[in-house]
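What follows is one structure encoded as structure tokens, with my remarks underneath.
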Amino acid sequence: MIEGIPAVSALEEGETYHRVKLHEKYGGARYRGIAPCKDHPYVFIFTGDSGEEYGYLDEFRGDTFVYTGEGREGDMEMTQGNKAIRDHRKDGREIHLFESNEEAWSVTYVGQFEYAGWFHQRLEDTNGNYRKAICFELEPVDNNVEIETDDLGQLDLETLYERAKGNSAPEALEGETTATKRITYSRSKPVKEYALRVADGVCQGCEEPAPFIGKDGEPFLEVHHLHRRSDGGPDNPDNVVALCPNCHRRVHHGQDKNEFNNAVVEKIDNK
């Protein structure tokens, strides 16, 4: 874990930092999930497994990060930290996402995101009562230029797996690399495509066919990451499965969520 805190623009994705020192340098409440920095143009937001105890459901859905707003009891309101996320562009602030680790005050930098929208979702509060939760849709802000040269649907499974692992990324275009911009191949779409292709329309949790056909004409399943982002995350095809919406909610909100997730892991490992 890095003890010294660099300029926000120099934070490295995947690197761990000390949260207390982060707040000492930039401000913001160290015990809250949403921490606007009073004297700096940033909103720091934090996610982690402990949030599920309070009914928070944070997860990647495709390239979008769905982040549950703040408020432990009753319906959430668009005030304080929630308002800071929604209005960050108007307020001239950047959103930076961190994931809490098991070690106290250790957080992994996920990256810079921007507000794309929000919706209500029925989630439990800290007392186990259902309420209207505010869920934000956050899109990654990246200096990377994503290159998509192939129709993923035309790739065979082996090639798609290699693409998802990043072992066959297209070469960078000439003249596009600068000191502040690098060209990489985005693996998030190949990873999602690989998970859905392997599942072939059948939930890898309950092993039942997808409950309905989606708008794209394909069986509707949701991609779930078996381990946390910082432990292998969304860019690893060995770390994802496709689940029906019911199983996906169970793995996040069920009383047996950990046992169920482990059972899915074991099932995949034995195939």
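Counted the way the UniProt record's numbering counts, the sequence shown spans residues 1 to 271.
Ideal placement from N, C-alpha and C gives every residue a C-beta, glycine not left out.
Own chain, CB closer than 7 Å to residue i, minus 5 neighbours either side, in chain order
i	result
LYS165	PRO237
PHE119	CYS135
ARG163	LEU155, PRO190
GLY232	Below a pLDDT of 50, predicted positions are generally treated as unreliable, and GLY232, at 42, falls in that range; no measurement from the model is reported.
GLU73	ASP125, THR126, ASN127
ALA179	For ALA179, the predicted model reports a pLDDT of 30, less than 50, meaning its position is unreliable and no value from the coordinates is stated.
ASN261	LEU226, VAL251
ILE213	PRO219, PHE220
TYR42	VAL8, TYR26, ARG93, GLU94, HIS96
GLU266	none
Residues that residue i bridges to, as DSSP identifies them
i	result
PHE44	ALA35, HIS96
PHE65	PHE60, LEU138
ALA164	Answer is none; ALA164 lacks a bridge partner.
HIS227	In the DSSP output, where bridge partners are listed per residue, HIS227 has none listed.
HIS18	SER106
PRO219	ILE213
VAL202	PRO209
ALA133	GLN121
Endpoints, the alpha helix (DSSP H) within which residue i is located
i	result
GLN80	80-86
VAL264	257-269
Among the options, nearest to residue i - alpha-carbon criterion
i	options	result
CYS206	VAL43, GLU102, ALA263	ALA263
ASP39	PHE65, GLU15, LYS25, THR126	LYS25
ASN258	GLU53, ILE45, VAL8	GLU53
GLY128	LYS271, GLY254, ILE268, THR79	GLY254
ASP58	GLU266, ALA35, LEU138	LEU138
ASN9	ALA195, LEU196, CYS203, VAL110	Checking the sequence shown, residue 9 turns out to be Ser, not Asn. Here the closest residue by C-alpha is VAL110.
VAL141	GLU114, ARG131, GLY153	GLU114
ALA104	CYS37, ASP269, THR16	THR16
GLU99	VAL265, GLY153, ASP49, ALA116	ASP49
GLU102	PRO6, HIS88, THR47	THR47
TYR56	HIS248, ALA133, ALA199	ALA133
VAL241	ALA195, ASN270, GLY217	ALA195
Residue span of the beta strand (DSSP E) that contains residue i, given as start and end
i	result
ARG122	106-124
VAL240	240-243
Same chain only: Cβ atoms within 8 Å of residue i, ignoring 5 sequence neighbours per side
i	result
ARG30	ARG19, VAL20, HIS23
ALA210	GLY201, VAL202, CYS203, PRO219, PHE220, LEU221, CYS244
LEU11	TYR17, HIS96, TYR109
Nonlocal neighbours in the same chain, by C-beta distance under 6 Å from residue i, ignoring five residues either side
i	result
ALA215	It is worth fixing the name first, because residue 215 is Lys in this sequence and not Ala. Here the set comprises nothing.
residue 301	In the structure displayed, the chain extends from 1 to 271; residue 301 sits before or after that span and is not available.
ASP75	ARG131, LYS132
Inter-stretch contact (C-beta, 8 Å, three-pair minimum) for the region 211-227 and the region 89-107: no
Contact between the region 120-140 and the region 24-44 (3+ Cβ pairs under 8 Å): no
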